Amino acid sequence: MVIDENSGSPTEPTDGSEDDAPAEQEPEDDVPMKKKLNVETPEGEEDAAAKAKEYEELVAQLKAENEKLRTRVEKFKRKISEAERRRLEREEEHARAVSEATAAAAAAATAAAEAQANRGASEPAAQAAPAPAAVEAAPPSNGSGVAAKDHPDYLKFFKLMKMGLPAEQVKMKMQAAGVDPSILDDPDAIIGGAAPGADSASAPPAAAGGTLVKDDEQYAKFFKLLKMEMPAEQIKLKMSASGLNPDLLDTPDAPMPGSGGSATPAPASNHVMTVKEDPAYEKFFKLVKMGMPPEQVKMKMSAAGLNGDLLDTPDAPSPNQKAAAKSGGGGGGLLAGLPPPTEAVKVDPSALNASLAAKLNKPVPKKPEEPQLPKKETVTPNVELRPLFWTRVPVNVVSSTVWMKLNDSHAELDVEEMEWMFRKNPVDASKKLDEKKKEAEKVPAQPKEVLLFDPKRQQNVSIAIARFKMSSEDIKNAIYALDGQKLGSEVLNVLISISPTLEEIDMLKNYDGDVKLLGNVEKFFLDLLTIPRYTQRIKCFRYKLQFENRILETQAQLDTLVAATDQVAESDKFRRVLEHILAIGNYLNGSTPRGGAYGFKLDTLMKLHTLKSVDPRVTLMHFLLRQLEEKAPDVITFAGEVPHIVEAKRLSLDQLRADLSSYNTELAMLKGQVRASKNDHIEGDKFYEVMTPFAKDAEEVLEELGRDFNGLETSYQELVSSFGEDPRKVGPMEFFTILDEFVKEFKKAYRQNQTKEYQTIYEEAAAARVAAEAEKAERLKQEAAERQRQEEERQQNSQETKAIYAEIMSIITNWAAKHSPGNEDAVIEQFKDTSRRFGMDEITADEFCDQVRVCVGSKCASKIIPNSAKLLSDEAKQSVLLEAFARFKEQVKKEKETKKQQRNSLVSPPSEGRERAGSSSAGRKRNKVVVPLPIKDIEPVVGEEAQLLHKSILESVLAAFGGDAKKMKSFTSHTRKYGNEQITAHEFYQYLMDSFDPDFVGRLVPDLARLLQDSEKRHALIRALCESAPGWAKFAGL
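Taking the UniProt record's numbering, I'd label the letters of the sequence shown as residues 1 to 1038.
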């Protein structure tokens, strides 16, 4: 954070309309601080450095306090905005209800007038329904009044003045008491009709036949709060929250709407109350006069619910003057200002009020409740155990948390060891220790006061000037040129800290003597004060120099929190750890109401290392680690998945939000100074030229940073909510501290479990538990040994199984040597992988048969599949495979029949002439006679169907090659060459016959032909297949 050491705030007036006085008035809080720094005259550079360091420490404290105040002000502003939004919504609803009620009243008036006309009444309508008239104001009494200083309501305040109390404080007390403070300026003014004994007729009646607002039961308590000096804006918020009209707070003497009375119109005053004369703002102008920085005063005004910008316009009309003017005049109620109906008709007010109430009191539909989870069954341990005191996540919020995805029944636990280690024993009270820590309160020494232009002040400024090693003219030129080499951040900080106060500036400007007689400090200040808006300029310059480093620091903090949030959200191992903890806790709490929990609050993680077992050295954390080592060893390394939680626990979202707010506030000040400097026209002044593009770039950077922060805030809220926690109560510091402490204890318990001491503990505990159940354990051991012996015998005596397996391997090897020489091992591994997947239920029996067929062909598969069924030990799975094999044989048979039918439909049976020609091959060769083969055309495929066919061909070829990438590349190359007419159809077909099984080629060629859009190429490839005897014998697919 960068905060102005002089003003306590990074902001300045952003409209650039301030006068050329660059420095702000020194706050009175800084005076004692500077006194403290100047108690003794420094004797050298070391003393000066010590003083400067002490001053920096005090400034840092002031920064922290100002930052806290700024954060509270921002929160208060947000609350006020939300309350204003709700008030506007209620006003809109109220306006709609009034409109509907007015329409209903007009309709009733029209109906009444028509009814009267039908009856032929002779009385005029005005007599039937007289229009309401306002009560005339009683003329002021001409009798003698009482002087203000003698009036009982004001007498005590004039006594306070005589006792020496400042007039400003007396006026504040008068305002708190609800009387006019301006009376104090005219003690001899005559107040008529208010003194005892005065004629009651001389008092102007506030209302006739009605109740005043301040006397109404619902509004009286709010006027009491106003007398207690509570800000009016806060009281209006409370009135809005209670469903009352907050505008009535400005008209205490007006009649209540609907009470039947009307206000007496007061004579208009020609005087307009300015902001500085408004009692609500007067005290803040007084603070400015006392030397408090304007920005700090504005923050106090914002905290009080007032507009801080009015501090810059003291002579402007007060907003309270406007409110009084709006609320003044007659009647005022809910229907004030509405046009009267064309004919005056009596309307029942109760019916109107009931109509309004019906509109304003509409029931709000309730949000449907989420379905409740069934009650979770608890587990009852066999012995009484030590309970784990955790906080259960409420059942009605479990459905939206991570606990809904976890199931503690999946966690494997050694229940017997848990019962043995955590059985309940009485606790030795003598081992409890009372720890008390006392810290002495450090009362910071109060800084001493400093007088303006005191010799010590001059000496401090002189020391600073000497460090610059530059004249005032050089400093001024560097400020105009924005020379960061000469004026770094440290120099600018010192310039800001020693900048003259308003009193010092006033003294320098009013000095009419010889300037040469002034000291070096005064001359230095006079020279720098020639720079327009001097203090604001150097603050903007410092903002530019520090901007990159500050943004990088904030971005690093954002990245750390984002990384920590994402790591925790994506850590599957951490959730498995939580699953084991949930299972352990539900078992320990099985016999208590705390059992049967769907989840637990994260603070439970801090209690695991505090719950001790029968052996005090072993805690529940040690037991958890021991269980994870045995049951889920891969989960133990979950700490490596969340490395950023150590850094994230030191960061705060509120601090980041405050930093972003500070950056934007300073940027707003910079923009105002850019606008103000546009018309300066000073030689060598580069402020407008340099700062204009910088302001634009800085705004883009801050917008991007703001989006990153909003994304982080959303992700963090989702993460915390997923664990059943409230993100409004659990900040990043608390959340990541819990996780970091848990990780530390987790690692500590793991390291201790590896030591000989704890290994001995576990061995002794295991021995004791085994001794308690020796007979049962021995019996189980014998049964397990017997089963193992039987299994070994079965495996040793299974010669038939070995023979079947050897036969299968022999069949596959022979097939691979014939059809895919050199790839026998790959074919065998493919078959083994298929068998393994079937054994693990990853594929079905039908899929197993199909994949074996692809691997070794139909004929070889018909031999392998029945033998594979014999190797299965599971009879049910063996039966399923045999049924699938039966279907497989039927499918192969149907395919052969289909091939035969397709051959007959493609090629005509040979005629006798052809048989004779075939028998005389020599004659055919001699005469070169080629008998054409009639071929039925194949329709090509296009679009999505072509893509699917192309993908299917590649998968089949890759499976036939056994996954060999080189052969697959060769196949693609030959296919492309045929498509580009680089090889003939016979050459391409010959390559296919050399690479694949003829049966596979017979299925492959028709599919390849369907992908060819050129009919000649398609016919040539089919003709090559049909003219080949092996190809024709295996041909299928047309």
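Each residue gets a CB set at the ideal place from its N, CA and C atoms; glycine is no exception. Keep in mind the model is a prediction, meaning the values are calculated, not measured.
Whole-number beta carbon distance between ASP603 and THR755, since they are thought to touch under 8 Å: Indexing the sequence shown from 1 puts residue 755 at position 755. Indexing the sequence shown from 1 puts residue 603 at position 603. Not really, about 29 Å apart at Cβ, beyond 8 Å.
Inter-residue spacing [alpha-carbon to alpha-carbon] between HIS950 and ALA556: Along the sequence shown, one-based indexing puts residue 950 at 950. Along the sequence shown, one-based indexing puts residue 556 at 556. Cα-Cα distance, rounded: 51 Å.
Assigned exposure category for ALA101 - 16 Cβ within 10 Å defines buried: If you number the sequence shown from 1, residue 101 lands on position 101. Buried, because 16 or more other Cβ atoms sit within 10 Å of the Cβ of ALA101.
Inter-residue Cα distance where the pair is residue 1041 and SER81: Residue 1041 is absent from the structure shown; the chain starts at 1 and stops at 1038.
Length of the line joining the Cα atoms of LYS375 and ALA597: Start at 1 with the first residue of the sequence shown, and residue 375 comes out as number 375. Start at 1 with the first residue of the sequence shown, and residue 597 comes out as number 597. Each residue's alpha carbon lies about 9 Å from the other.
Proximity winner among ASN589, VAL618, ALA676 and ARG576, relative to ASP634 (alpha-carbon distances): As a first step, residue 634 must be located in the sequence shown, where it is residue number 634. Answer by Cα proximity: ARG576.
Where SER810 falls, given that 16 or more other Cβ within 10 Å makes a residue buried: Position 810 of the sequence shown, counted from the first residue, corresponds to residue 810. With fewer than 16 Cβ atoms within 10 Å of its Cβ, SER810 is classed as exposed.
With 16 other Cβ atoms within 10 Å as the buried cut-off, status of GLN790: Taking the first residue of the sequence shown as position 1, residue 790 is located at position 790. Per the 10 Å Cβ criterion, exposed.
Span of the alpha helix (DSSP H), counted from its first residue to its last, around VAL398: Counting from one through the sequence shown, the residue named residue 398 turns up at place 398. Element bounds for VAL398: 395-398.
CA-to-CA distance, ARG1003 to LYS719, given in whole angstroms: Start at 1 with the first residue of the sequence shown, and residue 719 comes out as number 719. Start at 1 with the first residue of the sequence shown, and residue 1003 comes out as number 1003. Checking the sequence, you will find Leu at residue 719 rather than Lys. Roughly 56 Å between the two C-alpha positions.
Nearest to ARG794 (by Cα), restricted to the options ARG550, ALA777, ASP726 and SER873: For this step, residue 794 is matched to residue 794 along the sequence shown. ARG794 has its Cα closest to that of SER873, out of ARG550, ALA777, ASP726 and SER873.
Where VAL146 falls: helix, strand or coil (DSSP): Here residue 146 refers to the residue found at position 146 when the sequence shown is read from its first residue. Three-state DSSP puts VAL146 in a strand.
The region 615-624 contacting the region 415-424, beta-carbon criterion three pairs below 8 Å: yes
Cα-Cα separation between GLY655 and VAL98, rounded to whole angstroms: In the sequence shown, the residue the question calls residue 655 occupies position 655. In the sequence shown, the residue the question calls residue 98 occupies position 98. It is Gln, not Gly, that sits at residue 655 in the sequence shown. Going from the Cα of GLN655 to the Cα of VAL98 covers about 47 Å.
Chain B contact for LEU287 (CB, 7 Å cutoff): In summary, chain B is missing from the structure at hand, where a single protein chain is found.
Under 7 Å between C-beta atoms of LYS647 and GLN567: Counting from 1 along the sequence shown, the entry for residue 647 is found at position 647. Counting from 1 along the sequence shown, the entry for residue 567 is found at position 567. Lys is not the amino acid found at residue 647; the sequence shown has Glu there. No.
Three or more C-beta pairs below 8 Å linking the region 958-966 and the region 820-828: In this structure the region 958-966 lies against the region 820-828, because at least three pairs of beta carbons, one per stretch, are closer than 8 Å.
Beta-carbon gap between residue 1055 and CYS855 smaller than 7 Å: Lying outside 1 to 1038, the shown extent of the chain, residue 1055 is not represented and no answer is given.
DSSP state of LYS286 mapped onto helix, strand, coil: Here residue 286 refers to the residue found at position 286 of the sequence shown. Correct three-state label for LYS286: helix.
Between the CA atoms of LYS159 and LEU651 - distance to the nearest angstrom: In the sequence shown, residue 651 corresponds to position 651, counting from 1. In the sequence shown, residue 159 corresponds to position 159, counting from 1. Computed Cα separation, rounded: 56 Å.
Classification of GLU548 by the beta-carbon crowding that lies within 10 angstroms, buried from 16 upward: Taking the sequence shown and counting its residues from 1, the one referred to as residue 548 is at position 548. Looking at its Cβ environment, which holds fewer than 16 other Cβ atoms inside 10 Å, GLU548 is exposed.
Nearest candidate by alpha-carbon position, reference MET691, set LEU705, GLU703, ALA676 and GLU683: Position 691 of the sequence shown, counted from the start, is the residue given in the question as residue 691. Taking only the C-alpha atoms, the option nearest MET691 is ALA676.
Cβ-based neighbour list, LEU660, same chain, cut-off 8 Å, excluding 5 preceding and 5 following: Position 660 of the sequence shown, counted from the first residue, corresponds to residue 660. Here the set comprises THR554, LEU702, LEU705, GLY706 and PHE709.
Anticipated Cβ contact below 8 Å, LEU528 with SER471, distance rounded: Residue numbering aside, residue 528 sits at position 528 when the sequence shown is read from its first letter. Residue numbering aside, residue 471 sits at position 471 when the sequence shown is read from its first letter. In this structure, LEU528 and SER471 do not form a Cβ contact; the two beta carbons are roughly 11 Å apart against a cut-off of 8 Å.
Residue range of the alpha helix (DSSP H) that includes GLY943: Within the sequence shown, numbered from 1, the residue matching residue 943 stands at position 943. Unbroken alpha helix (DSSP H) run through GLY943: 943-960.
Three-state class that DSSP yields for ALA845 in the structure shown: Here the question's residue 845 lines up with position 845 in the sequence shown. Helix at ALA845.
At least 3 beta-carbon pairs within less than 8 Å: the region 531-541 vs the region 665-683: Here the region 531-541 makes contact with the region 665-683; the two share three or more CB pairs at distances below 8 Å.
Start-to-end residues for the alpha helix (DSSP H) that takes in TRP390: In the sequence shown, residue 390 corresponds to position 390, counting from 1. From DSSP, TRP390 is part of no alpha helix (DSSP H); its letter is neither H nor E.
Which of helix, strand or coil DSSP assigns to PRO317: As a first step, residue 317 is located in the sequence shown; it is residue number 317 there, counting from the start. Note: PRO317 maps to strand in three-state DSSP.
Cβ neighbour criterion (16 or more within 10 Å) applied to PHE389: Numbered from 1 along the sequence shown, position 389 holds the residue referred to as residue 389. The residue in question, PHE389, is exposed, as its Cβ has fewer than 16 Cβ neighbours within 10 Å.
Buried or exposed (CB count within 10 angstroms, at least 16 for buried), HIS681: On the sequence shown, residue 681 is found 681 positions in, with the first residue counted as 1. Label assigned to HIS681: exposed.
Three-way DSSP call (helix, strand, coil) for ARG617 in this model: As a working mapping, residue 617 is identified with position 617 in the sequence shown. DSSP places ARG617 in coil when its eight states are reduced to three.
Sequence-distant residues of the same chain with beta carbon closer than 6 Å to ALA480, five excluded per side: Numbered from 1 along the sequence shown, position 480 holds the residue referred to as residue 480. Per the sequence shown, the amino acid found at residue 480 is Tyr instead of Ala. Within the same chain, TYR480 has close Cβ partners GLY684 and ASP685.
As assigned by DSSP and simplified to three states, the class of THR565: Numbered from its first residue, the sequence shown carries residue 565 at position 565. Residue state, collapsed to three classes: helix.
Close beta carbons around ASN307, own chain, < 8 Å, minus the five adjacent residues each side: Counted from its first residue, the sequence shown places residue 307 at position 307. Once the five neighbours on either side are set aside, the close Cβ partners of ASN307 are MET301 and PRO319.
Distance between VAL957 and PRO940 (C-alpha atoms, nearest Å): Here residue 940 refers to the residue found at position 940 of the sequence shown. Here residue 957 refers to the residue found at position 957 of the sequence shown. Answer to the nearest angstrom: the Cα atoms are 20 Å apart.
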